[in-house]
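Line by line, the protein sequences are chains A and B. Numbering of the first sequence is given in the working numbering, commencing with residue -16 and proceeding in unit increments. Numbering of the second sequence is given in the working numbering, commencing with residue -16 and proceeding in unit increments. Beta carbons: idealized from backbone N, C-alpha and C, even for Gly. Keep in mind it's a predicted model, so treat the numbers as computed, not measured. First comes the structure, then the notes that go with it.
Protein chains: 2
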Amino acid sequence: MDGLETRELRYFVAVAEELHFGRAAERLNMAQPPLSRAVQQLERRLGVVLLDRDRRGVSLTAAGAAMLAEARLALDAVDAVVRRTRRAAAPTPGLVLTTKAGASHELLKRLLDAYAARPGAVEVDVLLCEIGGQGQLLRNGSADVALVHSPFDVLTGLDTVEIVTEGQVAIVPAAHPLAQRTSLTVAEVSDVPGLPIARWPQHDGTYPPGPGPEVRTQSQLAQLVALGRTLLVIPGSSRAWQWPEHVAVPVVDAPEVTTLLAWPAGARSAALDGLLETAAHLAASASS
Amino acid sequence: MDGLETRELRYFVAVAEELHFGRAAERLNMAQPPLSRAVQQLERRLGVVLLDRDRRGVSLTAAGAAMLAEARLALDAVDAVVRRTRRAAAPTPGLVLTTKAGASHELLKRLLDAYAARPGAVEVDVLLCEIGGQGQLLRNGSADVALVHSPFDVLTGLDTVEIVTEGQVAIVPAAHPLAQRTSLTVAEVSDVPGLPIARWPQHDGTYPPGPGPEVRTQSQLAQLVALGRTLLVIPGSSRAWQWPEHVAVPVVDAPEVTTLLAWPAGARSAALDGLLETAAHLAASASS
DNA sequence: TAGCGGTGATACCGGTGGGGTATCAGTCCC
DNA sequence: GGGACTGATACCCCACCGGTATCACCGCTA
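The following block contains the structure:
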């Protein structure tokens, strides 16, 4: 009846992502025939057609698409078992905190310092990740807690505690006329001639179309602003990495950004509780 | 390095729950020796000691306890793959809504009627579960959405939308002096001589100690109240199942109860969106 | 239309390893 | 010290996973 092994899930995910048995088999370091067979067996056992093998290629059925999403979550959960178990077994368990490189640097520093001063504090490793990558790292057990920014980061499935809410600033090249302003509006900074918004890679690694430069890292972005090629709008506290060639101008009508600590729902531990309490104190002192 | 099959997780969970290789093997319908071997291999591959095999029995190490919690979540996620895939493949996919038997009956009826009247509404199956069982059913894919009650039900990992907030009433035997009152306080209904609060089974199936009667179902409870053996405090809308021998008295200082729809974070679908929208309308009309 | 490249499915085979039985090795208890 | 009980070890077998070889089907092209 049931039983479904993770091997079968991995096979299906590979095929569903590649939409090509040969390439999927290559990715799995195996030959194509056993992969075809395994997926057929999976479909028979589920009693569900997951893939349409038409002439000229493979495509997902509706059920296959549903299964792909669920299977990814399940595989993440299985990976999380290994990672969290290994960390729980470490001589000094510690915590892993993940955040976007460069974001909320000052706040993070205050949080870590305050937590380290607590009695019974454990070591906190900081794991820098790409934009929007925190959720994945929490789900697959690579991290215990993340510093995230609402409304930018997806928070579904995570418990959170707010730390601070703040306005946003535009980072513009010092030489640009906008740098003279004391405040700006969203309308003024969107679609500035000669300063197109930079484009970040999407989930599949490709870039959306548009006039702005393609970037992968914060430092690339910083340099591009310094070169007068783009501008960006970020939370005020992120200006820590501002260059001499940058000018920060408040954007008065930009949506407020809330910095939060997020953790996988239900994955509390004594160490995490300590960090959350520290964060709550920080939030209280910041708002007073 | 990685790899971990669900079979290994099932084996470990069985042993960790039974704390006895023989019984665990019996539960798994296999012999004890291969089970011992499999768990040993698992420990070697992880490089982590999960179980202490002391004289007189088996016990979990700290890492083993952590792994047990994670493994249960992962196995639920794998089960969810099967259930949700099968449902997605059904000719008419439908939605499965779960709730505690007897709770918010009127509200549920209004919600389902209103949703059924929507264009494009799919069939909604109602799955009645035991107290507090909704989270498990959502996690393992047995249900798509649940009707839950804050602060009673655990909401971690679930996205929610509020429907209605209401006060609580005490359900007391009509023959009891308290039935004459027009309002009560928490202090008055806790520890009433001769009317001890009923006890519900815990997660492991055993009952907490105390003077109250042991119950498993709402109808048992209803009968016990009618017999004058206990009283209970529940949301006002739950009085639908009130008997002639019951009297409902508002408890003025009891915490308010919020009825919500909850669903696994990130598991949105077109059908679910329709139901949530209906619930939002219901909430708006109820508050106005 | 015949050939060819490319795709997934089928046929068959060998080795690994998961699961079985039989037994051993401790421990506790009378 | 013997028996009951528990988990570990020894050994065996065969199911099944993965490999190679090949087929069947389609579309393109000359």
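Quick one: Cα of residue i to Cα of residue j, how far?
i, j, result
"THR143/B", "ALA49/A", "21 Å"
"ASP59/B", "LEU121/B", "9 Å"
"PRO218/A", "ARG251/B", "30 Å"
"HIS159/B", "ALA266/B", "36 Å"
"ASP256/A", "LEU207/A", "40 Å"
"THR68/A", "PRO76/A", "10 Å"
"ALA99/A", "ASN12/B", "49 Å"
"GLU89/A", "VAL147/A", "12 Å"
"GLN119/B", "ILE180/A", "44 Å"
"ARG28/B", "ASP35/A", "38 Å"
"ARG212/A", "VAL(-4)/B", "56 Å"
"GLN24/B", "PHE4/B", "15 Å"
"ASP174/B", "PRO194/B", "10 Å"
"ALA253/B", "LEU141/A", "22 Å"
"TRP226/B", "PRO233/B", "16 Å"
"GLY103/A", "SER220/A", "29 Å"
"VAL155/B", "LEU214/B", "5 Å"
"LEU91/A", "ALA129/A", "11 Å"
"GLY116/B", "LYS83/B", "8 Å"
"ARG93/B", "ARG55/A", "36 Å"
"ARG70/B", "GLU53/B", "26 Å"
Ordered along the chain, which non-local residues of its own chain (more than five positions away) have a Cβ less than 8 Å from that of residue i?
i, result
"ALA57/B", "THR(-11) and LEU(-8)"
"ALA97/A", "THR261, HIS264 and LEU265"
"VAL235/B", "GLY150, SER166, LEU167 and THR168"
"ARG66/B", "ASN123, GLY124 and SER125"
Apart from the five residues on each side of it in sequence, which residues of its chain come closer than 7 Å, Cβ to Cβ, to residue i?
i, result
"LEU95/A", "VAL107"
"ALA8/A", "ALA14, GLN15 and LEU18"
"ALA21/A", "GLU(-9) and TYR(-6)"
"ALA(-1)/A", "LEU43, GLY47 and LEU51"
"LEU259/B", "VAL144 and LEU244"
"ALA237/B", "GLY150, GLN151, VAL169 and VAL216"
"LEU138/B", "VAL131 and ALA245"
"GLU26/B", "VAL32 and LEU33"
"VAL105/B", "THR75, PRO76, GLY77, LEU78 and ALA254"
"GLU239/A", "THR148, GLU149 and GLY150"
"ALA209/B", "PRO156, TRP226, GLU228 and HIS229"
"LEU(-13)/A", "none"
Considering only DSSP beta bridges, list what residue i is partnered with.
i, result
"GLU149/B", "VAL240/B"
"SER133/A", "THR241/A"
"GLY156/A", "For the record, residue 156/A in the displayed sequence is Pro; it is not Gly. Bridge partners of PRO156/A: HIS229/A."
"LEU167/B", "VAL234/B"
"THR143/A", "ALA245/A"
"ASP108/B", "VAL79/B"
"ARG182/B", "GLU197/B"
"VAL128/A", "LEU80/A"
Between which two residues does the alpha helix (DSSP H) harbouring residue i extend?
i, result
"SER19/B", "15 to 29"
"LEU178/B", "Element bounds for LEU178/B: n/a, residue is neither H nor E."
"GLY118/B", "117 to 122"
"ALA100/B", "Premise fails: ALA100/B is in no alpha helix (DSSP H) and is neither H nor E."
"ALA8/A", "4 to 10"
With a CB to CB cut of under 6 Å and the five nearest residues on each side skipped, what residues in its chain are close to residue i?
i, result
"VAL110/A", "For the sequence presented, residue 110/A should be read as Leu rather than Val. Closer than 6 Å at the Cβ level, and outside the excluded window around LEU110/A, lie VAL79, THR81 and ALA126."
"ARG123/A", "Rather than Arg, the amino acid found at residue 123/A in this sequence is Asn. So the list reads ASP59, ASP62 and ALA63, once near-sequence residues are dropped."
"LEU2/B", "VAL41"
Just to confirm the assignment, what range does the beta strand (DSSP E) spanning residue i have?
i, result
"VAL(-4)/A", "Looking at the DSSP string, VAL(-4)/A is not in any beta strand (DSSP E); the run it does join, the alpha helix (DSSP H), is -11 to 1."
"ALA36/A", "Strictly speaking, residue 36/A in this sequence is Arg, with Ala absent from that position. Residues 34 to 36."
Quiz item: Which runs of the beta strand (DSSP E) fall wholly inside the stretch 201 to 250 of chain A and span at least 3 residues, in chain order?
Solution: Whole beta strand (DSSP E) segments, 3+ residues: 215 to 218, 229 to 234 and 240 to 247.
Exercise. Let me know the alpha helix (DSSP H) ranges lying completely inside the stretch 39 to 89 of chain A, each 4 residues or longer, listed in chain order.
Key: For the stretch 39 to 89 of chain A, whole alpha helix (DSSP H) runs of length 4 or above, ordered along the chain, are 45 to 72.
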